[in-house]
Structure formats: C-alpha cells, structure tokens
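Just below is one structure, and these are the notes that go with it.
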Amino acid sequence: MDAVGELRAYVVPVATLRYLLTGTERRERVLGLVRRVLPPASAPAPLGPLFARVPGTRPVPHDEPTPADLDRLLGGEPVPAGRLPATWRLVEAVAAGLATAAARVPSARPTDLRPLGLPLPVTDAVTAGTWTSARTSDVPGLAAIAEQAVPDGLVVFWTADEGRGPTG
C-alpha cells in the first residue's frame, strides 16, 4: 500500500522558483522568504566554540533547516543525505512565499510529478515536482487552485508525515 501523507500545491511559476534558488546573489531575497522556517539567530559565543555543540542547546533535527542548508542550496553544493528533508523544507518555504494560491490535502505519494529542475533528489519522506493544471484538477481538494495555475502548472510537495511543510 502506498504511504499516505500530505500533498501541498502552490501556484507559482517554476522558472521563478528555479531562478531564486540557483544563485548566492539572491540570498537576501530568499532569506526573507524562508526566515519563518529557520531557527532564530543566536549571539556568537565570545570565546568561540569550545565544544562541538554549545552546552544546553539541542541538536538540530534532520528536517529543521539551517542557514548552512540555505547556503549549500543557493551555492549549488551537494546536500548531505541527512540534510535533504531540511533543504526541501527551504525550497517549499520559497514556493509558499511566492505563491498566489495554495492548497493542502491528504494523499498517497504522487508518482507522476515532473521534476522541478533543482539539484536535489527526492527522498522516502519528500517528493516534489510539478503538475499541469489539468492533472491538479483531478485531485479532490485541489480543483479550486487548478483554475489559477500558471502556464507551467503548479509546484507540488508531498511529505510522508502530515504538517511538516513550511508552516507545519
């Protein structure tokens, strides 16, 4: 049986999404779009790092984005497998920030998405790509935004665990 998760669709031009995510010179614009999914900035320690992790702080979960994840994505650097879920959350936060409409529905993993054209592989927990507006209108709950789709369709994200999109 296919895993059931949450499908989120955004009305956003795919070319705009790709453009923003493929250059360090656009970091400030992207940072403004993803700030809500990044942890709050902390003050630097006056003596520098004496430990691998500052005592009393929690380790960063694999699906929580960090500024280092953003820098790797924008710089076109390889993303370690353990940081892929967090990096996909950044991509989705940018899509959500640019979208003129969005919808969320419970769904099995989609198998017919066209690639986004980003140098990030999908994972067991995250699938992303695009659908045409015609394909989107076949999915109950997404028909309303299918009418608003841009010419290259909608950007779609699916996660195995519900609620872990950019606002979850």
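Numbered per UniProt numbering, the sequence shown finishes at 168, counting up by one with no gaps. Here a beta-carbon is modelled for each residue, glycine too, at the ideal position from N, C-alpha and C. Small disclaimer: the values here were computed from a predicted structure and weren't measured.
Collapsed DSSP secondary structure at residue i in the structure displayed
i, result
"A6", "A small correction: the amino acid at residue 6 is Glu; Ala does not occupy that position in the sequence shown. Strand, per DSSP."
"R104", "strand"
"A128", "strand"
"R89", "helix"
"V37", "helix"
"R29", "helix"
"M1", "Below a pLDDT of 50, predicted positions are generally treated as unreliable, and M1, at 45, falls in that range; the measurement from the model is reported next regardless. Coil."
"R114", "strand"
"V150", "strand"
"A99", "coil"
"R18", "helix"
"L142", "coil"
"R109", "coil"
Residue from the options with nearest C-alpha to residue i
i, options, result
"V12", "A160, D161, V155, T159", "V155"
"A68", "A96, A101, R27", "R27"
"T130", "A143, R114, L118, L38", "R114"
"A102", "A144, Y19, P80, T16", "A144"
"P83", "T111, T123, G5, Y19", "According to the sequence provided, residue 83 is Arg. The question's Pro does not apply to it. Checked all of T111, T123, G5, Y19; the closest Cα to R83 is T123."
Between the CA atoms of residue j and residue i - distance to the nearest angstrom
i, j, result
"T159", "R89", "10 Å"
"L21", "L98", "12 Å"
"Y10", "R109", "17 Å"
"R24", "A86", "For the record, residue 24 in the displayed sequence is Thr; it is not Arg. Straight-line Cα distance between these residues: approximately 18 Å."
"P106", "V91", "20 Å"
Boundaries of the alpha helix (DSSP H) in which residue i is found, first to last residue
i, result
"T136", "133-136"
"D71", "67-75"
Start-to-end residues for the beta strand (DSSP E) that takes in residue i
i, result
"L154", "154-159"
Next item on the list: Mind the definition here: the region 31-42 touches the region 59-77 only if three or more C-beta pairs lie below 8 Å; say whether that holds.
Entry: By the Cβ rule, the region 31-42 counts as touching the region 59-77, because three or more pairs are nearer than 8 Å.
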